[in-house]
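Structure first, commentary second.
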Amino acid sequence: MTVPQNRSEEVADTSIGQMIGDISNDLSQLFRQEVELAKAELKQEASKAGKAAGMLGAASFAGYLAVVLLSFALVFGLANVIDAGWAALIVAVIWAVIGAVLYTNGRKRLKTVDPVPRRTVDTIKEDAQWLKNPTG
0 MTVPQNRSEE VADTSIGQMI GDISNDLSQL FRQEVELAKA ELKQEASKAG KAAGMLGAAS
60 FAGYLAVVLL SFALVFGLAN VIDAGWAALI VAVIWAVIGA VLYTNGRKRL KTVDPVPRRT
120 VDTIKEDAQW LKNPTG
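Residues in the sequence shown are numbered consecutively from 0, following numbering that gives the first Met the number 0.
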């Protein structure tokens with residue numbers, strides 16, 4: 000077998016089948032890379048959604064405790080109007096504030112979650128553009 004002297008001889012010696020095989024390999028590698036990018040982006044967004052959901056869950060729990068403690072405070076306050084009732088009321092108000100803060104922060108974080116893998120979409124668009132016009 001002779002060694003090609005320059006790139007034009009190498010291209011001329013390449014069969015159509017080999018070129019199609021090379022293109023197929025390149026496209027499959029490109030597809031695998033796009034899938035990996037999409038996986039990475041979705042994992043990142045899922046993590047953000049999980050943290051926001053955790054905050055909303057904690058806010059729900061805090062709200063539940065506020066309702067329970069406010070109920071006890073109301074019972075104690077109405078029953079005998081002594082310090083124990085007011086103490087329960089103060090604790091319930093503190094839980095209500097904590098719940099409000101957690102809810103607000105969780106809602107803000109949930110708004111930043113983007114379910115669309117933007118970088119993957121952009122690179123797929125670039126790839127499609129390149130396939131349409133590989134020289135420019």
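We put the beta carbon where it would ideally sit given N, CA and C, even for glycine.
In this text the structure is predicted, and so the values were computed from the model without any measurement.
Query: Return the residue from the list Ser27, Ile123 and Gly105 that minimises the CA-CA distance to Gly49.; Result: Gly105
Query: When the Cα of Val34 is compared with those of Leu130, Arg117, Trp129 and Gln128, which residue comes out closest?; Result: Arg117
Query: Using DSSP with H/G/I as helix, E/B as strand and the rest coil, what is Ser14?; Result: coil
Query: Quick one: using the 10 Å Cβ neighbour count with 16 as the cut-off for buried, is Trp94 buried or exposed?; Result: buried
Query: Three Cβ pairs or more, each shorter than 8 Å: is that satisfied between the segment 20 to 38 and the segment 61 to 77?; Result: no
Query: Do you know offhand how far Gln28's Cα is from Ala45's?; Result: 26 Å
Query: With a 10 Å radius around its C-beta and 16 neighbouring C-beta atoms as the bar for buried, classify Leu130 as buried or exposed.; Result: exposed
Query: Helix, strand or coil: how does DSSP classify Val140 here?; Result: The first residue shown for the chain is 0 and the last is 135, placing residue 140 beyond what the model contains.
Query: With the cut-off set at 8 Å, would you say Arg108 and Lys42 are in Cβ contact?; Result: no
Query: Give the C-beta separation of Gly98 and Ala58 to the nearest angstrom, bearing in mind that I take them to be a contact with Cβ-Cβ under 8 Å.; Result: 5 Å
Query: Do Ala87 and Leu68 have their C-beta atoms closer together than 8 Å?; Result: yes
Query: Taking 7 Å as the cut-off, does the CB of Tyr63 come closer than this to any heavy atom belonging to the ligand SAH?; Result: Only the bare structure without any ligand can be found here, which leaves the ligand SAH out of the picture.
Query: Give the secondary structure of Asn104 by DSSP, where H, G and I count as helix, E and B as strand, and everything else as coil.; Result: helix
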